[in-house]
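In this note's numbering, the protein residues as written are 9 to 531.
The beta-carbon is built from N, C-alpha and C at its ideal position, and this holds for glycine as well.
See structure below.
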């Protein structure tokens with residue numbers, strides 16, 4: 009039998025009155041919190057849920073924070089008057105679900121390593137401040153449905169005391185007269201006490217915090233979209249269910265989906281594959297990204313095949329181009345000093361600020377698409393994907409590399425080997441940030457400019473009438489072909505200085521300049 013509720017109990021024997029629980033809280037409620045709980049939260053979730061919240065709250069002394077002592081859940085069921093049995097357990101699960109839905113409780117099931125004993129952790133959360141609560145549209149609308157619109161307005165006025173008439177004027181000037189700490193107190197510069205710090209750290213309540221969410225672009229996939237169609241018989245379903253409270257895990261899922269243009273159905277398929285979660289249930293970012301890359305390339309091949317078939321059978325013109333993709337929601341501003349010029353292929357489509365913002369924030373898969381009116385060549389996509397997955401080059405550095413290879417007019421040769429050489433040179437020189445990549449591109453521009461000037465000087469010297477090359481060729485003609493006066497062909501000189509041929513790459517030119525400077529110092 010499966011019990012529906014917040015704790016995702018698969019069997020009735022996994023949640024009984026005999027299982028132990030602990031309560032954790034890191035706050036103490038004020039009179040304002042108690043008023044908010046009774047007047048705002050209670051109409052939404054009901055009196056039994058509020059009673060459970062207070063019962064859990066008082067498991068710890070009100071003047072303390074931290075953990076309560078482990079105890080059997082029998083006390084919770086009896087304290088709520090629910091009785092011992094299946095009905096009481098269902099009642100307890102329903103009340104915890106209501107508390108979790110409004111953000112007052114987080115429930116965790118803890119399995120100690122090497123043991124079968126299950127421990128439930130109820131982590132209490134402080135009620136929202138009234139000002140913050142009434143800015144939440146979901147809570148406000150739910151409260152309106154429970155007590156009515158005018159009651160909500162009257163309730164809002166009960167939690168805020170109006171300003172006096174003297175302060176109820178626009179344009180008042182406020183001068184801060186507060187005194188900072190160091191104007192009153194003096195702390196000795198060498199008064200650090202390592203023993204005291206260690207003792208305080210040991211006495212502090214240790215609770216493993218959740219990792220901070222990644223500040224990355226998001227595909228907007230909600231947890232409900234993942235779990236709604238996820239197979240119940242899958243071995244990874246318990247791990248996917250943990251994503252409901254794992255903000256870092258959901259951020260990883262949304263970033264990978266955004267990077268490779270995948271939807272919720274595609275992500276469910278990837279999360280169902282073995283190996284994307286560790287044995288402890290942690291989502292493995294590198295493995296998920298690798299599988300998403302393979303899935304992305306397979307979809308590209310299928311899409312290209314469909315496009316070829318559609319092009320053969322199409323009678324009318326193709327559909328208009330797709331609209332430009334949305335910018336990533338997370339902004340990392342780019343200073344004007346780090347701006348790179350907009351390539352000619354993108355002029356008129358964005359200004360210099362927009363272009364540099366996209367180059368700084370977008371995944372390379374999306375940034376690369378902007379340089380092509382249609383699909384990105386498969387070999388080029390694989391080349392940059394190898395740099396991303398194997399070389400672990402940051403995305404913003406890859407985007408600057410794309411600008412250097414595709415956006416600069418001086419780049420005439422483009423091959424997988426050339427791309428790999430430039431990326432290897434950047435890695436060898438420690439280019440691992442956006443700012444270093446900008447400096448690298450500008451240095452290469454200067455080297456290419458010096459190379460062009462040197463070529464122009466060389467060509468001008470060789471084309472002069474008195475140039476050594478011209479004199480040598482004339483002398484060979486006179487000595488070998490002009491003496492007999494016959495129709496003999498002119499002898500080809502053994503060594504001939506070339507004026508054309510393959511141009512040096514920026515890396516080869518830099519190495520040549522370095523060797524020349526060393527020879528000058530030695531001479």
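Quick check on the burial criterion: 16 or more other C-beta atoms within 10 angstroms. Buried or exposed for residue i?
i, result
"residue 363", "buried"
"residue 370", "buried"
"residue 108", "buried"
"residue 158", "exposed"
"residue 192", "exposed"
"residue 393", "buried"
"residue 306", "exposed"
"residue 340", "exposed"
"residue 176", "exposed"
"residue 90", "buried"
"residue 437", "exposed"
"residue 397", "exposed"
"residue 143", "exposed"
"residue 135", "buried"
Just the C-alpha distance for residue i and residue j, rounded to the nearest angstrom, thanks.
i, j, result
"residue 296", "residue 308", "18 angstroms"
"residue 489", "residue 527", "For residue 489, the pLDDT reaches just 45, beneath the cut-off of 50, and the residue's location in the model is therefore unreliable, leaving the point undetermined."
"residue 12", "residue 38", "Residue placement at residue 12 cannot be trusted, given a pLDDT of 39 that sits under 50; the coordinates are not used to answer."
"residue 361", "residue 433", "28 angstroms"
"residue 69", "residue 246", "34 angstroms"
"residue 428", "residue 270", "27 angstroms"
"residue 515", "residue 230", "47 angstroms"
"residue 494", "residue 463", "Model confidence at residue 494 stands at a pLDDT of 48, short of 50, so the residue's coordinates are unreliable; what they give is reported in the following sentence. Cα to Cα, residue 494 sits roughly 39 angstroms from residue 463."
"residue 100", "residue 252", "20 angstroms"
"residue 399", "residue 188", "49 angstroms"
"residue 290", "residue 266", "20 angstroms"
"residue 209", "residue 120", "24 angstroms"
"residue 103", "residue 67", "17 angstroms"
"residue 88", "residue 96", "9 angstroms"
"residue 59", "residue 180", "45 angstroms"
"residue 292", "residue 36", "37 angstroms"
"residue 351", "residue 232", "42 angstroms"
"residue 423", "residue 466", "28 angstroms"
"residue 126", "residue 86", "20 angstroms"
"residue 513", "residue 145", "59 angstroms"
Counting along the chain, where does the beta strand (DSSP E) carrying residue i start and finish?
i, result
"residue 118", "113 to 118"
"residue 33", "28 to 33"
Ends of the alpha helix (DSSP H) at residue i?
i, result
"residue 127", "From DSSP, residue 127 is part of no alpha helix (DSSP H) but of the beta strand (DSSP E) over 127 to 132."
"residue 173", "Looking at the DSSP string, residue 173 is not in any alpha helix (DSSP H), and its letter there is neither H nor E."
"residue 275", "272 to 279"
"residue 233", "231 to 236"
"residue 67", "Element bounds for residue 67: n/a, residue is neither H nor E."
"residue 431", "424 to 436"
"residue 95", "94 to 109"
"residue 350", "From DSSP, residue 350 is part of no alpha helix (DSSP H); its letter is neither H nor E."
"residue 249", "245 to 250"
"residue 257", "255 to 267"
"residue 42", "39 to 44"
"residue 372", "372 to 377"
"residue 144", "Run containing residue 144: none; DSSP gives neither H nor E here."
"residue 49", "Taken as a continuous stretch (DSSP letters only), residue 49 belongs to no alpha helix (DSSP H), as it is neither H nor E."
"residue 227", "Here residue 227 belongs to no alpha helix (DSSP H), and DSSP marks it neither H nor E."
"residue 367", "360 to 369"
"residue 410", "403 to 410"
Give the single residue among the options whose Cα lies nearest to the Cα of residue i.
i, options, result
"residue 446", "424, 414, 459, 345", "345"
"residue 403", "460, 100, 264, 190", "264"
"residue 357", "273, 368, 380", "380"
"residue 34", "72, 46, 58, 62", "72"
"residue 112", "126, 93, 42, 158", "42"
"residue 412", "189, 391, 424, 453", "453"
"residue 273", "267, 234, 302", "234"
"residue 275", "524, 310, 261", "261"
"residue 355", "415, 304, 407", "415"
"residue 116", "106, 110, 131, 103", "131"
"residue 456", "359, 405, 407, 521", "521"
"residue 300", "182, 285, 268", "268"
"residue 426", "441, 206, 387, 56", "387"
"residue 406", "372, 285, 430", "372"
"residue 236", "174, 249, 254", "249"
"residue 390", "430, 368, 304", "304"
Cβ of residue i within 6 angstroms of any heavy atom in the ligand MN?
i, result
"residue 234", "Because no ligand of any kind appears in the structure shown, any question about the ligand MN cannot be addressed here."
Between the stretch 164 to 173 and the stretch 130 to 140, do three or more beta carbon pairs fall short of 8 angstroms?
-> yes
Could you tell me whether the stretch 47 to 56 touches the stretch 148 to 155, using the rule of 3 or more Cβ pairs below 8 angstroms?
-> yes
Take every Cβ of the stretch 75 to 85, pair it with every Cβ of the stretch 29 to 36, and state whether three or more of those distances are shorter than 8 angstroms.
-> They touch, by the three-pair rule.
Kindly confirm or deny that the stretch 233 to 253 and the stretch 272 to 283 touch, where touching means at least three C-beta pairs closer than 8 angstroms.
-> yes
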